[in-house]
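Residue numbers (full-length UniProt numbering): 1 to 437.
Glycine is no exception: its CB is placed at the ideal position from the N, C-alpha and C atoms.
Worksheet: one structure, shown below.
Written out as structure tokens, the structure is:
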């Protein structure tokens with residue numbers, strides 16, 4: 001069978017199963033079974049496929065996923081994340097557009113601790129949007145920053161999605177996690193610049209209000225007791241990987257242990273919070289492992305059928321400049337993001353895009369950050385970005401999807417600008433991982 005017919009056959013199976021409502025992981029598994037039967041020789045092919053899939057699940061590189069998820073759940077369920085957020089809120093003072101800035105600064109910190117875009121967006125949306133509207137903020141000043149910072153959890157470590165991407169693409173997990181730090185902080189800075197411009201152009205969009213001044217001693221106490229201990233967990237994870245003292249799996253274990261210790265120190269650890277944290281992490285972990293199983297076997301089917309090598313030869317046969325190929329792949333990710341969720345996009349594109357990027361001479365870590373940024377943008381891209389619907393679910397009654405769409409656009413443009421900056425200055429994503437080497 002020609003490579004393009006094999007590729008069309010496998011993709012048609014997956015999309016067909018998804019169209020009838022089959023979960024993405026099970027859709028890939030069913031398509032893989034049929035493909036293995038056809039391309040790999042019936043029952044023996046299916047047995048070989050299953051052995052390969054279970055071999056992928058036994059990889060030590062998957063260990064950070066449940067540990068990072070557990071750490072995020074603990075910070076969320078015990079209230080440690082909100083303790084840090086409230087402290088940042090009190091420290092901001094009477095800055096114009098204060099609550100929007102608090103959303104970016106606090107949301108960046110909370111996303112760093114939780115590692116969950118949807119969890120961060122849901123929490124901040126339910127707590128901050130009503131308060132900001134009560135203070136007279138226009139909806140785009142309340143909703144936009146929350147949508148923007150929610151996506152930061154994909155880029156800034158610890159990001160379970162980054163671990164999953166690195167596992168599927170077979171690249172260094174620690175390097176990809178660390179590579180997201182500088183771009184993530186730069187993106188947060190672009191968000192704050194956007195808020196500053198919006199408040200300058202329309203001061204009534206975020207009216208000022210009186211606040212009781214906080215003494216310097218109280219501010220220092222807030223920093224020392226409610227901010228530094230939480231941020232220190234993330235710094236510990238990064239430094240352990242940077243210095244080579246611990247692998248990503250071991251660093252993730254230290255992070256989860258740090259969250260447990262802090263919860264006991266602040267006396268907010270309860271059996272109920274611990275049980276909910278473990279249950280939440282377990283649910284997502286099982287889904288992630290099913291995805292790894294399906295993606296690993298799908299990649300092997302593509303190689304066995306000749307579809308992946310044929311597609312790469314066809315793509316490189318156009319004699320286009322590498323930058324044009326990069327933009328084409330980026331555009332495909334954005335288009336897919338308008339009607340598919342991020343994990344499905346990764347499963348479909350990683351087996352093709354990363355081998356193609358290697359042929360084109362792209363640094364795999366840098367290309368991984370570009371892919372994560374594309375996923376971050378698609379998370380809030382109209383009409384079907386998942387964060388848009390999460391925001392709709394927690395926003396005050398009367399909030400329309402049109403208002404949510406318009407609030408997201410400036411922050412999508414910030415992410416696009418960051419992609420352009422990384423293309424021009426790739427060292428922003430590669431110099432920190434280079435320190436590991």
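Q. Thinking just about the alpha-carbon of each residue, which of 322, 399 and 402 is nearest to the one in residue 363?
A. Taking the chain shown and counting its residues from 1, one reaches residue 363 at position 363. Of the listed residues, the one whose Cα sits closest to residue 363 is 322.
**Q.** Cβ distance (whole Å) where residue 294 is taken to contact residue 25 below 8 Å
**A.** Along the chain shown, one-based indexing puts residue 294 at 294. Along the chain shown, one-based indexing puts residue 25 at 25. Yes, they are in contact, since the Cβ atoms of residue 294 and residue 25 sit about 5 Å apart, within 8 Å.
Q: Kindly give me the distance between the Cβ atoms of residue 186 and residue 418, rounded to whole angstroms, as I take these residues to be in contact under 8 Å.
A: Stepping through the chain shown from its first residue, residue 186 is reached at position 186. Stepping through the chain shown from its first residue, residue 418 is reached at position 418. Correct: roughly 6 Å between the Cβ atoms.
Q: Return yes when the Cβ of residue 381 is within less than 8 Å of the Cβ of residue 65, no when it is not.
A: Numbered from 1 along the chain shown, position 65 holds the residue referred to as residue 65. Numbered from 1 along the chain shown, position 381 holds the residue referred to as residue 381. In this structure, residue 381 does not lie closer than 8 Å to residue 65 by Cβ.
**Q.** Three-state secondary structure assigned by DSSP to residue 226
**A.** For the purposes of this step, residue 226 is taken as the residue at position 226 of the chain shown. Helix, per DSSP.
Q.
Report the CB separation of residue 191 from residue 411 in whole angstroms; it is logged as a contact under 8 Å.
A. Residue mapping note: residue 191 aligns to position 191 of the chain shown, counting from 1. Residue mapping note: residue 411 aligns to position 411 of the chain shown, counting from 1. At roughly 6 Å, the Cβ-Cβ gap stays under 8 Å, so residue 191 and residue 411 are in contact.
Q | CB contact flag (residue 176, residue 365, <8 Å) | A | Counting from 1 along the chain shown, the entry for residue 176 is found at position 176. Counting from 1 along the chain shown, the entry for residue 365 is found at position 365. Yes, the pair counts as a contact, with Cβ atoms nearer than the cut-off.
Q.
Judging by CA-CA distance, which residue of 214, 108, 358 and 193 is the nearest neighbour of residue 234?
A. Mapped onto the chain shown, residue 234 falls at position 234. Among 214, 108, 358 and 193, the Cα nearest to that of residue 234 is on 108.
Q) Which two residues bound the contiguous alpha helix (DSSP H) that contains residue 28? A) Sequence index remark: in the chain shown, residue 28 carries index 28 (1-based). Taken as a continuous stretch (DSSP letters only), the alpha helix (DSSP H) holding residue 28 covers 24-39.
Q. Cα separation between residue 34 and residue 11?
A. Position 34 of the chain shown, counted from the start, is the residue given in the question as residue 34. Position 11 of the chain shown, counted from the start, is the residue given in the question as residue 11. Cα-Cα distance, rounded: 12 Å.
Q: Please decide whether residue 192 counts as near chain B, where near means a Cβ-Cβ distance under 8 Å.
A: Going by chain labels, chain B is absent from the structure shown, which holds only one protein chain.
Q. Going straight from the alpha carbon of residue 254 to that of residue 205, what length do you get?
A. Locating residue 254 in the chain shown gives position 254, where the first residue counts as 1. Locating residue 205 in the chain shown gives position 205, where the first residue counts as 1. Going from the Cα of residue 254 to the Cα of residue 205 covers about 43 Å.
Q: Over the uninterrupted alpha helix (DSSP H) stretch that includes residue 395, give me the two end residues.
A: On the chain shown, residue 395 is found 395 positions in, with the first residue counted as 1. That residue, residue 395, is in no alpha helix (DSSP H); it is neither H nor E in DSSP.
Q. Does the distance from the C-beta atom of residue 346 to that of residue 57 stay below 8 Å?
A. In the chain shown, the residue the question calls residue 346 occupies position 346. In the chain shown, the residue the question calls residue 57 occupies position 57. No, the Cβ-Cβ distance between residue 346 and residue 57 is not below 8 Å.
Q: Pull up the distance between the alpha-carbon of residue 450 and that of residue 328, whole angstroms please.
A: Because the chain here runs from 1 to 437, residue 450 falls outside it and cannot be looked at.
Q.
Going by beta-carbon coordinates alone, are residue 342 and residue 161 separated by less than 8 Å?
A. Counting from 1 along the chain shown, the entry for residue 342 is found at position 342. Counting from 1 along the chain shown, the entry for residue 161 is found at position 161. Contact flag set, yes.
**Q.** C-alpha gap between residue 477 and residue 408, whole angstroms
**A.** Nothing can be reported for residue 477, as the shown portion of the chain is limited to 1 through 437.
**Q.** Helix, strand or coil at residue 206 [DSSP, three-state]
**A.** Counting from 1 along the chain shown, the entry for residue 206 is found at position 206. In the structure shown, residue 206 sits in coil (DSSP, three-state: anything other than H, G, I, E or B).
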